[in-house]
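Participant: Same order as they appear, the protein sequences are chains F and L. In terms of the working numbering, the first sequence opens at residue 1 and continues consecutively. In terms of the working numbering, the second sequence opens at residue 261 and continues consecutively. Virtual Cβ for every residue (Gly too), placed ideally from N, Cα, C. One structure follows; several queries about it will come next.
Protein chains: 2
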Amino acid sequence: MIVKHLTRRQILGPIGIAAGSCVLSSCLSESASSPLDKKPGFPWPYDKLDPQITAERAYNDHRKGHCMYGAFVSVISQLAERYGEPYSSFPVGMMRYGAGGAAGSGSLCGALNGSAALIGLFVKKEEDMKLLIDELFLWYEQTELPTYIPERPALDAKIPTSVSNSILCHISVTKWCKMSGNKTFSKQQKERCARLSADTAAKTVELLNAHFAGEFSAAHEFDDEVKTCRSCHTKGSDRSDSRGKMHCRICHSSLAVDHP
Amino acid sequence: MIVKHLTRRQILGPIGIAAGSCVLSSCLSESASSPLDKKPGFPWPYDKLDPQITAERAYNDHRKGHCMYGAFVSVISQLAERYGEPYSSFPVGMMRYGAGGAAGSGSLCGALNGSAALIGLFVKKEEDMKLLIDELFLWYEQTELPTYIPERPALDAKIPTSVSNSILCHISVTKWCKMSGNKTFSKQQKERCARLSADTAAKTVELLNAHFAGEFSAAHEFDDEVKTCRSCHTKGSDRSDSRGKMHCRICHSSLAVDHP
Chain F
1 MIVKHLTRRQ ILGPIGIAAG SCVLSSCLSE SASSPLDKKP GFPWPYDKLD
51 PQITAERAYN DHRKGHCMYG AFVSVISQLA ERYGEPYSSF PVGMMRYGAG
101 GAAGSGSLCG ALNGSAALIG LFVKKEEDMK LLIDELFLWY EQTELPTYIP
151 ERPALDAKIP TSVSNSILCH ISVTKWCKMS GNKTFSKQQK ERCARLSADT
201 AAKTVELLNA HFAGEFSAAH EFDDEVKTCR SCHTKGSDRS DSRGKMHCRI
251 CHSSLAVDHP
Chain L
261 MIVKHLTRRQ ILGPIGIAAG SCVLSSCLSE SASSPLDKKP GFPWPYDKLD
311 PQITAERAYN DHRKGHCMYG AFVSVISQLA ERYGEPYSSF PVGMMRYGAG
361 GAAGSGSLCG ALNGSAALIG LFVKKEEDMK LLIDELFLWY EQTELPTYIP
411 ERPALDAKIP TSVSNSILCH ISVTKWCKMS GNKTFSKQQK ERCARLSADT
461 AAKTVELLNA HFAGEFSAAH EFDDEVKTCR SCHTKGSDRS DSRGKMHCRI
511 CHSSLAVDHP
């Protein structure tokens, strides 16, 4: 463990090497030629965090900047308090854009977008980064959420759980509202999304902790239906005419009628 | 215009005020209480950029880190070369996560994710940020793309255009492949996405230039079909049971059979 309040140069100077990905205690930076390549180190070092503390922060930060902001800040703020720079200078306010699947568009769930950004920030090797994000996304698609119970809830009520079968905000939120009988944009939906952001941030920290401890292995996989679709349509298959890893029949629901 | 190579503290010290959003020549920073609130300024200042130069950069940067990275770096790198910090310290490598709709998941197009992140970084007032992202997303959904012709193409071929009707990578890519007769993950598809990233980054700079010149007005709106759907399903409507702004019938294609 390093001491607190090191400067950016002290943390990320020409001390170490960047090979794949690193934790604060073991490795550091790199250097190259253009202004952006001369930046003080990428990936940024990660240090083990507590999932429960991270969840509480994400829940509370959700109120300040919504889902992507909450998930992202829950992690960066802990590292900023522990080490100062460069974490304390990250312009976290930018992450407000991810709310409601990016400016309310309903695409990628903001909690997932912010969590994937964290994984991208800490894990340099693309293959590892993808494995962690794949696991996070499959967990989100297949798990009854939210499960997090806040210490000081904004809305002190029992929040029903649902399985989204989708990483898209539009589907995740709409399914939950339909199942629970709540309207979109209601205080119940906002509370559900705040707790979901807490769950997602905690899961992200679990995955990062495992990765940097050399203990990560995927616990989720595509379900059988998706595997069947992918056997014909994805990269290297017969048709190779589709791109993506999202659950198929959540949108392609009418395929059974005339599909092989 | 400020001189080059100012330090982060010089640019973002206690000189100015942050009211809504700002350009380098007119306003600067703010201060507050927690470690992250003490960060050296948010939003980051924007300065007018050339769309064509931005497009060329996004196209070339696409090769280094894919779509989200290409779109984001095309802008940050120009400001880093012009002003140094804080732009030159942004850990741009994190943006690789957005490739293929986030780790290949096929959700939000990475070029849009990176461009929305830029808008989030420069535009503080949430209402303005959303208006700019809405316009970018509608432009992307409704426009024949790609139109950008690279100076030094990686693949020197005529690239067909298509209208995606969607901000999702899965649909945008799959529709283009189907229309053009190319396979996903082919060199043609990669070239199409590199040029699309260039178009998207150029459009983002056009929007930011207009916003900071006080000249922005939306040129795109929901099509009539989407307006009809939203009249019953979105916030404040009779049912208020859906969230999102994406084109509806691109997924809800079988609604005509039994829908009012």
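Give the interface partners of residue 194/F over in chain L, defined as CB-CB distance under 8 Å, in chain order.
Facilitator: Residues of chain L passing the Cβ test: none, with the nearest at roughly 15 Å.
Participant: Shortest alpha-carbon distance to residue 62/F belongs to which of 87/F, 41/F, 199/F and 168/F?
Facilitator: The candidate whose alpha carbon is nearest that of residue 62/F is 199/F.
Participant: My output table needs one value for residue 400/L: the three-state DSSP class, helix, strand or coil.
Facilitator: Residue 400/L: helix per DSSP, three-state reduction.
Participant: What residues from chain F crowd round residue 427/L, counting only those whose CB sits closer than 7 Å?
Facilitator: Within 7 Å Cβ-Cβ: 105 and 107.
Participant: Along the chain, where does the alpha helix (DSSP H) that runs through residue 451/L open and close?
Facilitator: Taken as a continuous stretch (DSSP letters only), the alpha helix (DSSP H) holding residue 451/L covers 447-472.
Participant: Rounded to a whole number of angstroms, what is the C-alpha to C-alpha distance between residue 362/L and residue 154/F?
Facilitator: Between residue 362/L and residue 154/F, the C-alpha separation is close to 31 Å.
Participant: Go through its chain and collect everything with a Cβ distance to residue 119/F's Cβ below 6 Å, but skip five positions before and after it.
Facilitator: So the qualifying residues of the chain are 129, 132 and 133.
Participant: What are the residues in the stretch 120-149 of chain F lying within 8 Å of chain L by C-beta distance?
Facilitator: Of all residues in the stretch 120-149 of chain F, 120, 121, 124, 126, 129, 130, 133, 134 and 137 have a Cβ within less than 8 Å of some Cβ in chain L.
Participant: Taking the alpha helix (DSSP H) that residue 270/F falls in, what are its first and last residues?
Facilitator: Past the boundaries of the shown model lies residue 270/F; chain F is included only from 1 to 260, so the question cannot be answered.
Participant: For residue 436/L and residue 301/L, I'd like the C-alpha separation in whole angstroms.
Facilitator: Whole-angstrom Cα-Cα distance: 41 Å.
Participant: Does DSSP classify residue 415/L as helix, strand or coil?
Facilitator: In this structure, residue 415/L counts as coil in the three-state DSSP scheme.
Participant: Determine whether the beta carbon atoms of residue 261/F and residue 368/L lie at a separation below 8 Å.
Facilitator: Because chain F in this structure spans residues 1 to 260, residue 261/F falls outside the shown range and cannot be described.
Participant: Check whether the stretch 350-362 of chain L and the stretch 437-444 of chain L touch, using three or more Cβ-Cβ pairs below 8 Å as the test.
Facilitator: Contact fails: fewer than three Cβ-Cβ distances are below 8 Å.
Participant: Cutting at 7 Å between CB atoms, please list the residues of its own chain near residue 236/F, excluding the five before and the five after it.
Facilitator: Excluding sequence neighbours, residue 236/F sits near nothing in its chain.
Participant: With distances taken from CA atoms, which of 245/F, 259/F and 252/F is nearest residue 135/F?
Facilitator: Per the Cα distances, 245/F.
Participant: Can you pull the chain F residues whose beta carbon is under 9 Å from the beta carbon of residue 443/L, in chain order?
Facilitator: By Cβ distance, chain F contributes 235, 239, 240 and 241.
Participant: My parser needs the alpha helix (DSSP H) runs of 4 or more residues fully inside the stretch 360-385 of chain L; what are they?
Facilitator: Counting only runs of 4 or more, we get 370-382.
Participant: Shorter than 8 Å from the beta carbon of residue 178/F to some beta carbon of chain L?
Facilitator: At least one chain L Cβ lies under 8 Å of residue 178/F.
Participant: Counting only beta-carbon separations shorter than 8 Å, does residue 349/L have a partner in chain F?
Facilitator: Answer yes: the Cβ-Cβ gap between residue 349/L and chain F drops below 8 Å somewhere.
Participant: For residue 471/L and residue 383/L, which I take to be in contact (beta-carbon distance under 8 Å), what is that distance rounded to the nearest angstrom?
Facilitator: Their Cβ separation, rounded to whole angstroms, is 7 Å, which keeps residue 471/L and residue 383/L in contact under 8 Å.
Participant: Run through chain A and tell me which residues come within less than 8 Å of residue 113/F, C-beta to C-beta.
Facilitator: Judged by its chain identifiers, the structure shown contains no chain A, and its protein chains are F and L.
Participant: Nearest chain F C-beta to residue 511/L closer than 8 Å, yes or no?
Facilitator: Judged by the 8 Å Cβ criterion, residue 511/L is in contact with chain F.
Participant: Grab the span of the alpha helix (DSSP H) containing residue 94/F for me, first residue to last.
Facilitator: Residue 94/F -> no alpha helix (DSSP H), and no H or E assigned at all.
Participant: Using the Cβ count rule (16 or more neighbours within 10 Å means buried), how would you classify residue 512/L?
Facilitator: The residue is exposed, with fewer than 16 neighbouring Cβ atoms inside 10 Å.
Participant: Would you verify that the beta carbon of residue 203/F is, or is not, closer than 8 Å to some beta carbon of chain L?
Facilitator: Chain L, which has no Cβ nearer than 8 Å to the Cβ of residue 203/F, makes this no.
Participant: Pull up the CB-CB distance for residue 50/F and residue 82/F, whole angstroms please, since I reckon it's below 8 Å.
Facilitator: Contact flag wrong, Cβ pair sits at about 12 Å.
Participant: Which partner residues does residue 513/L have in the DSSP bridge list?
Facilitator: Residue 513/L pairs with nothing; no bridge assigned.
Participant: Return helix, strand or coil for residue 298/L, following the three-state DSSP convention.
Facilitator: Any answer about residue 298/L is weak, because its pLDDT of 45 lies below 50 and its placement is not dependable; what the coordinates show is given next. If DSSP states are grouped into helix, strand and coil, residue 298/L belongs with coil.
Participant: Checking contacts by CB at 8 Å: is residue 420/L closer than that to chain F?
Facilitator: So no, residue 420/L is outside the interface.
Participant: If you follow the alpha helix (DSSP H) that residue 496/L is part of, which residue opens it and which one closes it?
Facilitator: Neither: residue 496/L is in no alpha helix (DSSP H) and is coded neither H nor E.
Participant: With a threshold of 8 Å between beta-carbons, can residue 259/F be considered close to chain L, or not?
Facilitator: No - not a single Cβ of chain L is within 8 Å of the one on residue 259/F.
Participant: Chain F partners of residue 377/L, CB-CB under 7 Å?
Facilitator: Result: 94 and 97.
Participant: Does residue 170/F get closer than 8 Å to chain L when you measure Cβ to Cβ?
Facilitator: Output row for residue 170/F: interface = yes.
Participant: Straight-line CA distance for residue 403/L to residue 482/L?
Facilitator: The alpha-carbon atoms of residue 403/L and residue 482/L are separated by roughly 13 Å.
Participant: Can you pull the chain F neighbours of residue 474/L, defined as C-beta to C-beta under 7 Å?
Facilitator: Near residue 474/L there are no residues of chain F at all, since even the closest Cβ is about 21 Å away, more than 7 Å.
Participant: Work out the CA separation of residue 146/F and residue 297/F for me, nearest whole Å.
Facilitator: With chain F covering only 1 through 260, there is no way to say anything about residue 297/F.
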